[in-house]
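K.L.:
Under my numbering, the first residue of the sequence shown carries the number -13, and numbering increases by one thereafter.
From the three backbone atoms N, C-alpha and C, an ideal C-beta is built for every residue, glycine too.
As the structure is a prediction and not an experimental result, all values here were calculated from the model.
Structure incoming, see below.
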Amino acid sequence: MSTKTVSLKIEAYERLRAARRYRAESFSEVVLRASWPEDTTTARELLASYKSGRPTFSDAELDRIEAHIRQQLPPEDKWAER
């Protein structure tokens, strides 16, 4: 089994250590059983929001989306002569 070395702030280390179920539980075991809530919207939630008429995205979210779109380049035309 290969391993990686990571650096943690003291607060993060203490939280990780406190999350162990038993003294000999490794940090790898703690991390592997951990779950982090995802701040995502499902398609069902998005559709319900759209149908309700309430705003689907905040202005800040729309600004981020638009900025990302502006940064994207069109795909390369694989049929164009070079």
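1. Which residues in the same chain as T27 place their Cβ atom closer than 6 Å to its Cβ, once the five residues preceding and following it in sequence are excluded?
2. Whole angstroms are fine: how far does the CA of E52 sit from the CA of P61?
3. Going by DSSP in three states, S35 sits in which element: helix, strand or coil?
4. Helix, strand or coil: how does DSSP classify Q58 here?
5. Near L2, what residues of its chain come up, given a Cβ to Cβ distance below 8 Å and the 5 sequence neighbours on each side ignored?
P.N.:
Judging by the given coordinates:
1. Position 41 of the sequence shown, counted from the start, is the residue given in the question as residue 27. Here the set comprises nothing.
2. Against the sequence shown, residue 61 aligns to sequence position 75. Against the sequence shown, residue 52 aligns to sequence position 66. Going from the Cα of P61 to the Cα of E52 covers about 18 Å.
3. On the sequence shown, position 49 is the one that residue 35 refers to. DSSP places S35 in helix when its eight states are reduced to three.
4. Residue 58 sits at position 72 when you count from the first residue of the sequence shown. Here Q58 sits in coil by DSSP.
5. On the sequence shown, position 16 is the one that residue 2 refers to. Correct list, in chain order: L(-6), F13, V16, V17.
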